[in-house]
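Data first, discussion second: the structure below is written as structure tokens.
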Amino acid sequence: MSTINKTAIITGASAGFGKATAELFASNGWNIILCGRRKVRLEVLERHLKEKYKVDAISLSFDIRNNEEVKKAIASLNGKWKAIDLLVNNAGLAAGLGTIQEGSVDDWEQMIDTNVKGLLYMTRCVAPLMTERNQGHIVNIGSIAGKEVYANGNVYCATKHAVDALTKAMRIDLLPNNIRVTQIAPGMAETEFSIVRFKGDDERAKNVYKGLEPLHAEDIAETIWWVANRPAHVNINDIVIMPTAQANATTVIRK
Ligand code: NDP
Ligand code: 8X3
């Protein structure tokens, strides 16, 4: 078993940034609590982390949009698993692209429920475990869409602006408890993100990254690793991380 004795809980660990983060932290001896809906994927990753890195890992399979499921999952943690050093609020998605006058209300609700309410439900359950120990670190995954807006991205952008605001607010609320709070706001990264946004249309998803090198999940994992491993007196408030080929939310250069 790991001698590092540090624990991270990562939402959205079944794919993309969350999965790469679980791998990187486990490879450095951290114990990991893996969260997501896709149970089999989580269990495969859990076994892999335990076997390859000799750390401890557990899977919590639940829908982050459901506050009762979130509460039940976190309440199921016992013993050492309650001593959480790092919460990575990463689970999230974009659903579709559409104007405000014609967009899908179901898509809007899914994004708001996952990206904003899910992040709040998780934080509401995990932050008290940190405040009672007077230590911990929360890393929220925002987006360039939380700094700017782009055509047809209205509600996704609004949810990520909410993450930006909540990160600042959490930092104030948790200040007396010595809890660090960081936002990481990436630009284009090739994960399952665009496949989910375009509801399984792989071709359309691939076209998003055509002719440029987007960020990779590992780039975000390394950034999370870096912020989590600053000396205890240092808090990284906010990092915007972009592919070199992307200047802002709407300006990219393609070969
Ligand atoms: P992926 O689609 O690869 O991963 C998303 C993860 O979120 C999955 O593990 C998924 O797990 C989880 N998730 C989604 N909905 C729920 C839910 N209702 N309950 C529990 N878990 C859920 O995308 P990324 O890794 O790219 O995205 C991670 C975060 O990064 C998101 O918040 C996204 O908005 C943000 N982001 C992504 C960028 C990109 O270009 N890729 C850029 C900037 C920010 P499961 O389906 O198993 O539940
Ligand atoms: C994901 C990046 O540019 O699609 O948050 O909003 S973008």
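Quick note, in my numbering, the sequence shown goes up one by one and the last residue is 353. Where is the CB? At the ideal position from N, CA and C, for every residue including glycine.
Note to self: For Ile131 and Val253, I'd like the C-alpha separation in whole angstroms.
What the structure shows: Looking at the two C-alpha atoms, the distance is approximately 30 Å.
Check: According to the neighbour-count rule (16 or more other Cβ atoms, all chains shown, within 10 Å of its Cβ), is Glu288 buried or exposed?
Finding: By the neighbour-count rule (16 or more Cβ atoms within 10 Å), Glu288 is buried.
Next item on the list: Would you mind listing the beta strand (DSSP E) stretches within the region 260-320 that are 3+ residues and don't spill past its ends, in chain order?
Entry: Here the runs fully enclosed are 277-284.
Checklist line | Exposed unless 16 or more other CB atoms sit within 10 angstroms - verdict on Gln199 | finding: Gln199 is classed as exposed because its beta carbon has fewer than 16 other beta carbons within 10 Å across all chains shown.
Item checked: Continuous alpha helix (DSSP H) stretch holding Thr221: start and end -> Membership of Thr221 in the alpha helix (DSSP H) is indicated by the continuous run Leu217 to Thr229.
Next item on the list: State buried or exposed for Asn238, treating a residue as buried only when at least 16 other CB atoms are found within 10 Å of its CB.
Entry: Classification for Asn238: buried.
Note to self: In whole angstroms, give me the CA-to-CA distance for Asn93 and Ala343.
What the structure shows: The displayed coordinates of the chain run from 99 to 353. Any statement about residue 93 would go beyond what the structure contains.
Note to self: Are there any heavy atoms of the ligand 8X3 lying less than 7 Å away from the beta-carbon of Tyr42, as far as the coordinates show?
What the structure shows: In the structure displayed, the chain extends from 99 to 353; residue 42 sits before or after that span and is not available.
Margin query: Could you check whether the Cβ of Gly285 sits closer than 7 Å to any heavy atom belonging to the ligand 8X3?
Written below: For the ligand 8X3, at least one heavy atom lies less than 7 Å from the Cβ of Gly285.
Next item on the list: Say yes only if the C-beta of Phe123 is nearer than 7 Å to one or more non-hydrogen atoms of the ligand NDP, and no if none qualify.
Entry: No; taking the cut-off as 7 Å, the Cβ of Phe123 has no heavy atom of the ligand NDP nearer than that.
Check: Does the Cβ of Ala303 have 16 or more other Cβ atoms within 10 Å, making it buried, or fewer, making it exposed?
Finding: Buried, because 16 or more other Cβ atoms sit within 10 Å of the Cβ of Ala303.
Margin query: Check this for me: beta carbons of Leu143 and Asn187, under 8 Å apart or not?
Written below: Taking 8 Å as the Cβ cut-off, Leu143 and Asn187 do not qualify as a contacting pair.
Check: Helix or strand or just coil, what does DSSP make of His39?
Finding: Lying before the first or after the last residue shown, residue 39 is absent from the chain, which here runs from 99 to 353.
Margin query: Three Cβ pairs or more, each shorter than 8 Å: is that satisfied between the region 276-291 and the region 313-331?
Written below: Contact holds: three or more Cβ-Cβ distances are below 8 Å.
Check: Asp154 lies in the alpha helix (DSSP H); which residues open and close that run?
Finding: Counted as a single uninterrupted DSSP element, the stretch harbouring Asp154 is not any alpha helix (DSSP H), since DSSP gives it neither H nor E.
Next item on the list: Compute every distance between the C-beta of Ile236 and the non-hydrogen atoms of the ligand NDP, then say whether any falls below 7 Å.
Entry: No - the ligand NDP has no heavy atom lying nearer than 7 Å to the Cβ of Ile236.
Item checked: Three-pair Cβ contact test at 8 Å for the region 207-222 versus the region 160-167 -> By the Cβ test, the region 207-222 is in contact with the region 160-167, since at least three Cβ pairs between them sit closer than 8 Å.
Next item on the list: Indicate, with yes or no, if the ligand 8X3 has a heavy atom lying under 7 Å from the CB of Phe291.
Entry: Checking every heavy atom of the ligand 8X3 against the Cβ of Phe291, one is found closer than 7 Å.
Notebook entry, point to check: Where does Thr105 sit, in a helix, a strand or coil, going by DSSP?
Noted result: Here Thr105 sits in strand by DSSP.
Check: Quick one: is the Cβ of Ile210 within less than 7 Å of any heavy atom of the ligand 8X3?
Finding: No, since every heavy atom of the ligand 8X3 falls outside the 7 Å radius drawn around the Cβ of Ile210.
Note to self: Is it buried or exposed, Arg295, if we count other Cβ atoms within 10 angstroms and call 16 or more buried?
What the structure shows: Answer is buried; the Cβ neighbour count reaches 16.
Checklist line | Own chain residues within Cβ distance below 7 Å of Leu227, not counting five before or after | finding: Result list for Leu227: Lys180 and Ile182, in chain order.
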